[in-house]
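Quick note on the working numbering: the sequence shown kicks off at 956 and runs consecutively. Glycine included, every Cβ here is placed at the ideal spot set by N, Cα and C.
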Amino acid sequence: MYGNDFGPSANEGEDVRPIDDAAAQVRFDALLADDERIEPRDWMPAGYRKTLIRQIAQHAHSEIIGMQPEGNWITRAPSLRRKAILLAKVQDEAGHGLYLYSAAETLGAERDELTEMLITGRQRYSSIFNYPAVTWADVGAIGWLVDGAAIVNQVPICRCSYGPYARAMIRICKEESFHQRQGFELLLTLSRGTDHQRTMLQDAVDRWWWPSLMMFGPPDDASPNTAQSMAWGIKRHTNDELRQRFVDMTVPQADVLGVSLPDPDLELVDDHWRHGPIDWDEFNAVLRGEGACNRQRIEHRTTAHTDGAWVRDAAAAYAEKHQRAAA
Ligand code: FAQ
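Okay, structure coming up:
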């Protein structure tokens, strides 16, 4: 489970490259050194292509699976305004998934194959979407914390060395910013409401805080991909650097909401909010498929994929008919 079938791993096969690949590598290195973008038709090392497909596919899968926790609340939104906002947000997530699958396709990955890898558990999606959204306040907490973490992680990807991924991220980040604000505004409304609403708000924050910190990935000394991905300009910061940036940004916002963060060790040291220890056993268990909703998320995605087979067949038949007519 969770292997990756696209080509050799990051450093494999480097010394058996044909001679003109060596010249191509020099050009590739020069583009990176000049902070230029690598485009789909450029030569790239197999490991670079494989790493990008892994990360972009995981990102796309996260957007698509990430529609589920909030999608579950669309029919129960407490007002027409909240329902319209939530519908727009969940639709944006579908759109983000589609841009990202398209970016992965420019690297030679087929969309069908990627979906297959997701539903058979051979590619990951973000750990965060294996937690349940049990109250309406969770919708706000997902916007504030999960989209907030996603923005901090994704803004630097707008400068990723691979052109199609970087360009897709520019629009995605603009939309994520609206997502984060709507979540904060929802929670602010609860914070000014009844005692029951404030309790619901605090409970949601208690449950989503630590999983949001885990979204940034394992600590730097346990992150096998960071060093190579940074050398290739795919990642621009380490997991811990981005996690720290998120904590620094979020602690003052928690004050505005009047909620406490569930970390007794949180402490301001040299202008940075230092957090307490993260439960990496929980993170690893979720990655192994043992989170509260792993099974449900994949079952739901598999059913949607199976139910949508007739749409794909109809689209393919329609395209074929037009191709025949054109010929
Ligand atoms: N969950 O060596 P690293 C969103 C895996 S979008 C699951 O540090 P890397 C929008 C990692 O794949 C959220 N797996 O890996 C939204 C690797 O696996 P492998 C998604 C994780 O790639 C909001 C292994 O652990 N965002 O939220 C996680 O250098 C609301 C070792 O880790 C992106 O995908 C995790 N949290 O760094 C939608 C952003 N963390 O294959 C709906 C793009 C790590 O080697 C509602 N991705 N792993 O066995 C990235 O920036 C990076 O891929 C990281 C991980 C930072 C996530």
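Starting from the C-beta of residue i, find all residues in its chain whose C-beta is less than 7 Å away, skip the five residues before and the five after it, and write them out in chain order.
i     : result
V1094 : E1025, W1028, L1041, A1088, L1141
G1172 : S1178, N1194
D1102 : E1131, H1134, Q1135, G1138
T1181 : D1175, K1190, T1193, N1194
R1066 : Y1056, E1060
Using a Cβ-Cβ cut-off of 6 Å (strictly less than) and excluding sequence neighbours within five positions of residue i, which residues of its own chain qualify?
i     : result
N959  : Bear in mind that the predicted position of N959 carries a pLDDT of just 41, short of 50, making it unreliable; the figure below should be weighed with that in mind. Excluding positions up to five away in sequence, the list reads R1009.
V1107 : L1197, R1200, F1201
G962  : Because G962 carries a pLDDT of 41, less than 50, the predicted location of this residue cannot be relied on, and no value is offered for it.
D1047 : E1130
S964  : Its pLDDT being 41, under 50, S964 is placed unreliably in this model, and the coordinates cannot settle the point.
Quick check: does the Cβ of residue i come within less than 8 Å of any heavy atom belonging to the ligand FAQ?
i     : result
Q1251 : no
M1169 : yes
Y1056 : no
I1097 : yes
A1064 : no
L1197 : yes
T1181 : yes
S1132 : no
H1014 : yes
P1005 : The question names Pro, but residue 1005 is Lys in the sequence shown. Outside the cutoff, so no.
H1151 : no
P1024 : yes
E1048 : yes
S1146 : no
L1242 : yes
N916  : Coverage of the chain is limited to positions 956 through 1282, which leaves residue 916 absent and any answer about it impossible.
P1079 : According to the sequence as given, residue 1079 is Arg; it is not Pro. Checking every heavy atom of the ligand FAQ against the Cβ of R1079, one is found closer than 8 Å.
E1237 : no
Spell out the partners DSSP gives residue i in its beta bridges.
i     : result
I993  : Y1117
W1228 : L1223
Once you ignore the five residues that flank residue i on each side, which residues in its own chain have a CB closer than 8 Å to its CB?
i     : result
R1031 : W1091
K1044 : E1025, G1098, F1133, H1134, Q1137
S1167 : I1083, L1100, V1101, G1103, A1104, F1201
W1164 : L1100, L1216, P1217, D1218
I914  : Because the chain spans 956 through 1282 in this model, residue 914 falls outside it and cannot be assessed.
### Query
Would the region 1047-1067 and the region 1121-1132 be scored as touching if the rule is three or more Cβ pairs under 8 Å?
yes
### Query
For the region 1204-1216 against the region 1185-1193, are there 3 or more C-beta pairs whose distance is under 8 Å?
no
### Query
Given 8 Å as the limit, is there contact between the region 1136-1154 and the region 1222-1236, that is, 3 or more CB pairs closer than that?
no
### Task
Could you say if the region 1070-1084 and the region 1113-1125 meet the contact criterion of at least three C-beta pairs nearer than 8 Å?
In short, these stretches do not touch, since the Cβ pair count stays below three.
### Query
So, do the region 1059-1079 and the region 1242-1256 have three or more beta carbon pairs nearer to each other than 8 Å?
yes
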